[in-house]
Amino acid sequence: MKAGKEGIVMKEQSKGYRQLLSDEEELNNLCRVIRNYVNGWRWEECDRLIPKYMGLYPDSAVPHNLMGIVLEKRGRHTDAMKHFRAACALDASYAPASFNMALYSAFEKERSAEPAYDEQDCAGRRKIESDDFFV
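Letter 92 of the sequence shown, counting from 1, is numbered 1130 in the working numbering, and no numbers are missing.
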């Protein structure tokens, strides 16, 4: 009887793990789609899709980071920073949001670095430190 209960627990854990992978894949796909929309200046699609994912994944930093990028690209700096901060508050370990907050907090108007849409965009990049933009 004990083995039967353990089997059920293992199935539930496996189901949860598969759902976690599915969610991660879904959010990674969202990052790719939004990157393409931003590169094509397809703002309406971004405005439609990102809030949908904020509702589907209310505890995820990913949609807020993406909304921050979209708003920054559209010149809405204050609103963008709110979303980067929201992303950091939801997951302090989510590197793209921290990177983008530091990137867009810099005083320089010309930005040589591209924003980080996902974790892969942070790989191999020099971390922007606060003293990079304070005089």
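Think of the CB as a built atom: it goes at the ideal place given N, C-alpha and C, for glycine as much as any other residue.
Give the single residue among Tyr1095, Arg1114 and Cys1160 whose Cα lies nearest to the Cα of Ser1136. The residue with the shortest Cα to Cα distance from Ser1136 is Cys1160.
Compute the Euclidean distance between the alpha carbons of Tyr1132 and Met1139, then round it to the nearest angstrom. The alpha-carbon separation between Tyr1132 and Met1139 amounts to approximately 11 Å.
So what's Pro1096 in DSSP terms, helix, strand or just coil? coil
With DSSP run on the structure shown, which of helix, strand or coil describes Phe1081? First, the residue type needs correcting, since residue 1081 is Trp and not Phe in the sequence shown. In the structure shown, the three-state DSSP call for Trp1081 is helix.
Under the three-state DSSP convention, the category Tyr1132 falls into: coil
Which residues in the same chain as His1121 place their Cβ atom closer than 6 Å to its Cβ, once the five residues preceding and following it in sequence are excluded? His1102, Met1105 and Gly1106
Who are the Cβ neighbours of Pro1201 in its own chain at under 6 Å, not counting the five residues just before and after it? Here the chain comprises residues numbered 1039 to 1173, so residue 1201 is not present and cannot be evaluated.
Helix, strand or coil: which one does DSSP assign to Pro1153? Secondary structure at Pro1153: coil, using DSSP grouped into helix, strand and coil.
To which residues of the same chain is Arg1123 closer than 8 Å at the C-beta, ignoring the five residues directly before and after it? Met1139
When you compare the CB positions of Cys1084 and Tyr1155, do they come within less than 9 Å of one another, or not? no
Through-space distance from His1115 to Tyr1091, alpha-carbon basis: 21 Å
Consult DSSP for Cys1126 and reduce its assignment to one of helix, strand or coil. helix
How many whole angstroms separate the CB atoms of Asp1061 and Tyr1095, which I take to be in contact at a CB cut-off of 8 Å? 7 Å
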